[in-house]
Amino acid sequence: MSTVRIRFAPSPTGYLHIGGLRTALYCYLFARSQGGNIVLRIEDTDRTRFVEDAEDDIVQALEWCGLEVDESPMLGGPYAPYRQSERQDLYRKHAESLVDSGHAYYAFDTSSSIAELRKNNEAYNASTRLQMDNSLTHSEEVVRMRLESGEEHVIRLRVPENVTVQFNDLIKGSVSVDSANIDDQVLVKSDGMPTYHLANVVDDQHMAITHVIRGDEWIPSTPKHILLYQAFGWQPPAMAHLPLILSPTGGKLSKRSAQRQGIPINVRDYRAKGFEPQAVINFLAFLGWNPGTEDEVFELEELTSVFSLERVGSAPAKFDLDKLGWFNAQHLRRLDIEVLLERVRPFLEKHGMIVEDDYLRDVCFLVHDRLQQAQDLVTHFSYCFVDPVTFDPVGIRKRWKSDAASLVDDYAARLDVLRSFNEETLEFKLRDLAASRKVGAGRIIHPVRLAVSGTTAGPGLFALLRVLGRRTSVRRLRNAVTRLG
RNA sequence: GCCGCGUUCGUCUAGGGGUUAGGACGCCGGCCUUUCACGCCGGUAACACGGGUUCAAAUCCCGUACGCGGUACCA
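Using the numbering used here, count along the first sequence one by one with no gaps and you end on 498.
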């Protein structure tokens, strides 16, 4: 058995989106679980949709997630080049060999004559090809002349009549299609570029790909590819078509539908929003696959050791942002505090907050378990860095009673003269004050929290005060006393 | 329209002839607690429908419905 070789073959028509990452992930997991190799191949045969920085984005997105590839345009490898635009001659040569063997033909039809064909609801296939303008309907000599004169043309696959094309998909099982339902597919476009169908078959063969793992949307074209392999006399690789990721409302997870649901669509957006790469990977892995146990939280390397294609389901799955949030919280919590610091820094900077490492470390330690996304630190816990400017009105009504100002002021006075600003002392001083004023501790705790953070929710009060430090704590307490009265 | 693929709690899913149909997210309730989270405990909720096959069907077969995908000189 030869070594497993998998390719991830995106086309650079835009930034890598979440569905593409899922495909890449499954490719990676399968390759690694089999001890095989994975190659990144850029399918840039559509010049009209080419996006300049897309390739770069794809590479960075994979890197961010830790999906390392073995061969790629920048890494090189034994089957270079890995950009299809750089392999044009190969495709042309193979297409022509197909014409020679009678499996393909030149076609000169204008776009308007094809449009007319389709208007009559007819396909370009065995039943119509003889009415069209191609090398099947003209003498060899005429064809040669037209070709030599540089007339625009394409090369089409001559799909055989009345055969059933069948293949065994590793995920879907047996799939078969009657060749009558397959068009004479364009193999080489009039600009000389191959279509996906040709390029992908030629490259998979030449790059010794053993398994094609790609999205469900390719199932209908796979019979065309099988036909191509047969025409070339090649053995097709194994096929595995992954179920699609759907929008929560059911449709295709398009840019528009995703935006409406608040779902980031490009991988770079997940990064920008403070999602953990491991969480995104974990979430994606479980969209259509499960290990058969009840474990759910996995890192990439752990996934690699338990992944198998047999356990990939065949039904499409809806994207669930809440579940992703849960995975993110799980992975965020497992992060080493120093790594968390790195995660959180960009968000502080974005908000113009300059914070020293030691202090940030204290804060992170304090709120670590309460973060779901890294950016929560600045959105939920800004009071760790700047004095509160507003106080939650509901909190005021509920917690800032008539004696609050005097109690808080008293507490501030006691803190102000404290020598060791540790949690035990802070708590002792507060309870002592409560006792001497004959009130419950909560009568002070709550207004103090409100004064210091502007809200009624948050980490343990004494730990919070300790982190804020004496100067800040006292300043905020006194400030609240004057503001709230 | 035609072709293909699919259908278990709201969502992700386990289970594939005999199960109280299991887990996770979400939601609800409780415990913990100075608050809110975390955590823990408990609850809610599903085999699309109709026919077969069988002693027995969520599970196998056939239809129907619904959903999704494809139907390009896009991938």
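Cβ atoms here follow ideal geometry from the backbone N, Cα and C, with glycine treated the same way.
The beta strand (DSSP E) spanning MET252 covers which residue range? The count along the first sequence starts at 1 and reaches residue 252 at position 239. Unbroken beta strand (DSSP E) run through MET252: 251-255.
Simplified DSSP state of ILE367, which is helix, strand or coil: Mapped onto the first sequence, residue 367 falls at position 354. If DSSP states are grouped into helix, strand and coil, ILE367 belongs with coil.
Among VAL310, GLY228, PRO290 and LEU497, which one has its Cα closest to the Cα of GLN343? As a first step, residue 343 must be located in the first sequence, where it is residue number 330. GLN343 has its Cα closest to that of VAL310, out of VAL310, GLY228, PRO290 and LEU497.
Got a sec? Which residues, its chain only, sit under 7 Å from GLU289 by beta carbon, not counting five neighbours each side? As a position in the first sequence, residue 289 is number 276, starting the count at 1. So the qualifying residues of the chain are ASN341, HIS344 and LEU345.
Sort TYR119, LYS336 and SER395 by Cα distance to GLU154 and report the nearest one. Here residue 154 corresponds to residue number 141 of the first sequence, with the count starting at 1. Per the Cα distances, TYR119.
Would you check if the distance between the CB atom of LEU379 and the CB atom of PRO472 is smaller than 8 Å? By one-based count along the first sequence, residue 379 stands at place 366. By one-based count along the first sequence, residue 472 stands at place 459. Yes. Within cutoff.
Closest by CA to GLY482, which one among LYS451, MET206 and PHE398? The sequence position of residue 482 within the first sequence is 469, counting from 1. Of the candidates LYS451, MET206 and PHE398, the one whose C-alpha sits nearest the C-alpha of GLY482 is PHE398.
Cut-off 7 Å between Cβ atoms - residues of its own chain near ASN279, not counting five sequence neighbours on either side: The residue you call residue 279 lines up with position 266 of the first sequence. Excluding positions up to five away in sequence, the list reads TYR28, LEU29 and HIS30.
Thinking C-beta only, is PRO250 closer than 8 Å to THR223? Residue mapping note: residue 223 aligns to position 210 of the first sequence, counting from 1. Residue mapping note: residue 250 aligns to position 237 of the first sequence, counting from 1. It is a contact, given that the beta carbons lie within the stated cut-off.
Under 8 Å Cβ to Cβ from GLY275, same chain only, skipping five residues before and after it: list those, please. Translated into positions along the first sequence, residue 275 becomes position 262. So the qualifying residues of the chain are LEU334.
Is the beta carbon of SER24 sitting closer than 8 Å to the one on GLU56? Within the first sequence, numbered from 1, the residue matching residue 24 stands at position 11. Within the first sequence, numbered from 1, the residue matching residue 56 stands at position 43. Yes, the pair counts as a contact, with Cβ atoms nearer than the cut-off.
By alpha-carbon positions, which one of ARG462, ASP429 and VAL368 ends up nearest to TRP413? Counted from its first residue, the first sequence places residue 413 at position 400. That would be ARG462, whose Cα lies nearest to the Cα of TRP413.
Three CB pairs or more closer than 8 Å across the segment 167-175 and the segment 191-204: yes
Hey, could you find the ends of the beta strand (DSSP E) HIS116 is sitting in? The count along the first sequence starts at 1 and reaches residue 116 at position 103. Taken as a continuous stretch (DSSP letters only), HIS116 belongs to no beta strand (DSSP E), as it is neither H nor E.
Can you tell me where the alpha helix (DSSP H) with ASN213 in it begins and where it stops? In the first sequence, residue 213 corresponds to position 200, counting from 1. Counting along the chain, the alpha helix (DSSP H) containing ASN213 begins and ends at 209-219.
Can you give me the C-alpha to C-alpha distance between THR438 and ALA426, rounded to a whole angstrom? As a working note, residue 438 is residue 425 in the first sequence. As a working note, residue 426 is residue 413 in the first sequence. The alpha-carbon atoms of THR438 and ALA426 are separated by roughly 14 Å.
So the candidates are GLY33, VAL188, GLU84 and ASN50; which of them puts its Cα closest to the Cα of ALA67? The residue labelled residue 67 in the question sits at position 54 within the first sequence. With distances taken between Cα atoms, ALA67 lies closest to GLY33.
On the three-state DSSP scale, how would you describe SER302? For the purposes of this step, residue 302 is taken as the residue at position 289 of the first sequence. Before going on, a small fix: residue 302 reads as Trp here, not Ser. Note: TRP302 maps to strand in three-state DSSP.
If you draw a straight line from the alpha carbon of SER486 to that of PRO359, how long is it in whole angstroms? Translated into positions along the first sequence, residue 486 becomes position 473. Translated into positions along the first sequence, residue 359 becomes position 346. Rounded to whole angstroms, SER486 to PRO359 spans 26 Å at the Cα level.
For THR208 and ARG157, the rounded distance between their alpha carbons: By 1-based counting over the first sequence, the position of residue 157 is 144. By 1-based counting over the first sequence, the position of residue 208 is 195. In a straight line, the C-alpha of ARG157 is about 23 Å away from that of THR208.
Sequence-distant residues of the same chain with beta carbon closer than 6 Å to ASP146, five excluded per side: The count along the first sequence starts at 1 and reaches residue 146 at position 133. Answer for ASP146: PHE121 and ASP122, listed in chain order.
When you compare the CB positions of ALA74 and ARG54, do they come within less than 8 Å of one another, or not? In the first sequence, the residue the question calls residue 74 occupies position 61. In the first sequence, the residue the question calls residue 54 occupies position 41. Their beta carbons are not under 8 Å apart, which means ALA74 does not touch ARG54 by this criterion.
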